[in-house]
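Using this note's numbering, the letters of the sequence shown correspond one by one to residues 28 to 200.
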Amino acid sequence: MKSVGLIARTADTALIEMRRLLGLLSFREQGLAPEPSLSSEHLEPLIGAATSAGCRVTYMSDLRARTDPSTGMLISAYRIIQEALTNVIKHAGPVGVRVTVRGDDSRLTIEVENDPAPPGHRSVPGSGRGLVGMRERVAAFDGVLRAGPHEDGGWRLCAVLSAKASQPAEESV
């Protein structure tokens, strides 16, 4: 099953990140790979994995920020897209998926919508931790996460991260 392979790769990625974090905490020097972001270099493998599982993924980006989002915001946005695509594969199967990222200097909005599951598709049971993790990432940026059934029978996720929350507070004199 292609979806099981994607789940295994996602788990492997999480383990690699945990090892990196532990390596940083133990102050050992390691050659760390760049953190994931919204660059095509990082998103193309995610979209490719969903496509290889049978999904028809459309990606659109409209970033109008004059300043670059913080590294933490980019990593959170990437992880939200990663989890959303994993959920589509697990729960809806090979369907059409639309991923849209919009942003300006005040916020970053991520939308992932998928078509209804094909007839007879059996959802892979989940723990619900994926949505919990997304909510935590969004909350770290004073954002809002809405996720639920779409009126056409599919699923829609919308995460809004506040760019203001990712900037350091100004020091008072």
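The beta carbon of each residue, even a glycine, is placed where N, CA and C say it ideally should be.
Please return the same chain residues whose Cβ sits closer than 7 Å to the Cβ of residue 127, not counting the five positions on each side in sequence.
Contacts found: 87, 138.
Could you tell me the alpha carbon to alpha carbon distance between residue 85 and residue 123, rounded to whole angstroms?
Whole-angstrom Cα-Cα distance: 8 Å.
Report all residues from its chain with a CB closer than 6 Å to the CB of residue 184; omit the five preceding and five following residues, and keep chain order.
Excluding sequence neighbours, residue 184 sits near 111, 139, 174.
Enumerated in chain order, which unbroken segments of the beta strand (DSSP E) with a length of 3 residues or greater are wholly contained in the region 68 to 100?
Those beta strand (DSSP E) runs which fall completely within the region 68 to 100 and span 3+ residues are 83 to 90.
Exposed or buried, which one is residue 98 when buried takes at least 16 other CB atoms within 10 Å?
Per the 10 Å Cβ criterion, exposed.
Using DSSP with H/G/I as helix, E/B as strand and the rest coil, what is residue 134?
Reduced to three states, the DSSP call for residue 134 is strand.
Need the endpoints of the alpha helix (DSSP H) that residue 166 sits in, please.
156 to 166 is the span of the alpha helix (DSSP H), which, as asked, contains residue 166.
Can you give the Cα-Cα distance for residue 34 and residue 190, rounded to whole angstroms?
Whole-angstrom Cα-Cα distance: 30 Å.
According to the neighbour-count rule (16 or more other Cβ atoms, all chains shown, within 10 Å of its Cβ), is residue 63 buried or exposed?
Classification of residue 63: buried, given that the 10 Å Cβ count is 16 or more.
Can you tell me the Cβ-Cβ gap for residue 134 and residue 70, rounded? I've got them flagged as a contact below 8 Å.
Incorrect: roughly 19 Å between the Cβ atoms, too far for contact.
Quick one, which of 180, 30, 131 has its alpha-carbon nearest residue 75's?
With distances taken between Cα atoms, residue 75 lies closest to 30.
Alpha carbons only, please: which of 152, 154, 115, 67 is nearest the one belonging to residue 79?
Nearest of 152, 154, 115, 67 to residue 79, Cα basis: 115.
With 16 other CB atoms within 10 Å as the buried threshold, where does residue 56 fall?
At residue 56 the pLDDT is 47, less than 50, meaning the model places this residue with poor confidence and gives no usable figure here.
Provide the residue(s) that pair with residue 172 in DSSP beta bridges, ordered along the chain.
Residue 172 pairs with 186.
For residue 36, which option in 109, 66, 177, 103 has the closest C-alpha, if you only look at C-alpha atoms?
It is 109 whose Cα lies nearest to the Cα of residue 36.
What would DSSP say about residue 123, mapped onto helix, strand or coil?
In this structure, residue 123 counts as strand in the three-state DSSP scheme.
Since residue 161 contacts residue 186 with CB under 8 Å, what's their CB separation in whole angstroms?
Right, their Cβ atoms sit about 6 Å apart.
Since residue 128 sits in a beta bridge, which residues does DSSP pair it with?
Residue 128 pairs with 88, 137.
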